[in-house]
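Since the structure comes first, as structure tokens, the remarks are kept for the end.
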Amino acid sequence: MTKIRKAIITAAGRGTRFLPVSKAFQKEMVPIMNKPQLQWVIEEALDSGITDIAVVVREGVETFKNYLNYSRSLWRFLKDSNKEHLMESWVNLKHEAKITLFYQKNTDPYGNGTPFILARKFIKDEPFVAMWGDDIIVKTDEKKPSCIQHLINYYEKYDPIAVLSAKKVKRSEISRYGSYEYFKRSESKIPFHVKRVVEKPNPEEAPSLYANACRFILTPTVMEELLKKIPGKDNELWLTDAVERLVARGETVLAVPFPGNEWIPVGDPINWLRANIVLSVNKPEYRTDVINILRSIKY
2 MTKIRKAIIT AAGRGTRFLP VSKAFQKEMV PIMNKPQLQW VIEEALDSGI TDIAVVVREG
62 VETFKNYLNY SRSLWRFLKD SNKEHLMESW VNLKHEAKIT LFYQKNTDPY GNGTPFILAR
122 KFIKDEPFVA MWGDDIIVKT DEKKPSCIQH LINYYEKYDP IAVLSAKKVK RSEISRYGSY
182 EYFKRSESKI PFHVKRVVEK PNPEEAPSLY ANACRFILTP TVMEELLKKI PGKDNELWLT
242 DAVERLVARG ETVLAVPFPG NEWIPVGDPI NWLRANIVLS VNKPEYRTDV INILRSIKY
């Protein structure tokens, strides 16, 4: 079995729910606490031992590329004012992550499967981690593995063609995501064995309330299916559709909950605010101050 060494992070959306600020720069660069959202996602990969990372951004958007650039004048100022420590996380990012940028054109097929097709040369014939760049995973229990490591563990044990993350949501929310139907224990000895995937179902038609979350282990088999570029709902290329076609052909796919980690889709201002709060209360250096602020708010 090929060891997983690479990750692809998708960050090519237009961020319409973050307008007008996303007019100036990509939504994945909207900061959460003192770091861009995209940096938190990359650091999650690094914490799971993944250092070779492709980031797919929209053509003409250079915010993240500029963020990675070295600024001599800034470093001179920080050195003179003894504030170099403020850039420690940025330095670690530059030293630890080998980042390759890919650009998605406006003429490319729309859909969340397209970025993986664009970065196919990056992963070659290897399995890889796939990550949505506008979703944050916050580790809330240090005794549990990270979400990515949890998925890798299942991949290494059962050798499926894909391991997808799963999170139980409210019925009113399931239409935003893909929904999983699982084999019964009498039908399969493999835990969390997927029988069917439905992308953005009507709430009353969802096979379960386990949603297709934001982290995946994908193999070349999935990439080959994506390369067929078969459009799905709203004429878009959906990763979920490619996986569902493989499931229908009898391929083994797992959809695994990830305890000890909280999933926060940060695609809108309210969930962005939630991400700031959840992240900060799970960081010892911020926890007390944030709790005091929340307690002091009058409403």
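In the numbering used here, the protein residues as written are 2 to 300. We put the beta carbon where it would ideally sit given N, CA and C, even for glycine.
Check: I137: buried (16+ other C-beta within 10 angstroms of its C-beta) or exposed?
Finding: As a first step, residue 137 must be located in the sequence shown, where it is residue number 136. Counting Cβ neighbours within 10 Å, I137 comes out buried, since at least 16 surround it.
Next item on the list: Could you pull out every residue in the same chain whose Cβ sits closer than 7 Å to the Cβ of K106, ignoring the five residues on either side in sequence?
Entry: As a first step, residue 106 must be located in the sequence shown, where it is residue number 105. Hits under 7 Å: E60.
Margin query: Starting from P1, trace the beta strand (DSSP E) in both directions and tell me its first and last residue.
Written below: The first residue shown for the chain is 2 and the last is 300, placing residue 1 beyond what the model contains.
Item checked: Outcome for S72 when other beta-carbon atoms lying within 10 angstroms are tallied against a minimum of 16 -> Taking the sequence shown and counting its residues from 1, one reaches residue 72 at position 71. S72 is exposed by the Cβ-count criterion.
Notebook entry, point to check: Y178 to K99, Cα distance in whole Å?
Noted result: For the purposes of this step, residue 178 is taken as the residue at position 177 of the sequence shown. For the purposes of this step, residue 99 is taken as the residue at position 98 of the sequence shown. Roughly 31 Å separates the two Cα atoms.
Check: Apart from the five residues just before and just after R275, which ones in its own chain have a Cβ nearer than 7 Å to its Cβ?
Finding: Counting from one through the sequence shown, the residue named residue 275 turns up at place 274. Once the five neighbours on either side are set aside, the close Cβ partners of R275 are I265.
Notebook entry, point to check: How about K145 and G261: are their beta carbons less than 8 Å apart?
Noted result: Along the sequence shown, one-based indexing puts residue 145 at 144. Along the sequence shown, one-based indexing puts residue 261 at 260. Cβ atoms of K145 and G261: closer than 8 Å.
Check: Does the distance from the C-beta atom of E127 to that of R6 stay below 8 Å?
Finding: In the sequence shown, the residue the question calls residue 127 occupies position 126. In the sequence shown, the residue the question calls residue 6 occupies position 5. Yes, these two residues count as a Cβ contact at 8 Å.
Check: Per DSSP, what kind of secondary structure is K24 in: helix, strand or coil?
Finding: The residue labelled residue 24 in the question sits at position 23 within the sequence shown. The answer is helix: DSSP assigns K24 an H, G or I state.
Check: Exposed or buried, what is N70 when buried is set at 16 or more other beta-carbons lying within 10 Å of its beta-carbon?
Finding: For the purposes of this step, residue 70 is taken as residue 69 along the sequence shown, with counting starting at 1. When all chains shown are included, N70 counts as exposed.
Next item on the list: In the DSSP assignment, find the beta strand (DSSP E) that holds N213 and state where it starts and stops.
Entry: As a working mapping, residue 213 is identified with position 212 in the sequence shown. Where N213 is concerned, the enclosing beta strand (DSSP E) stretches over Y211 to L219.
Next item on the list: Please determine if the stretch 147-157 and the stretch 228-244 are in contact, where contact requires at least 3 C-beta pairs separated by less than 8 Å.
Entry: no
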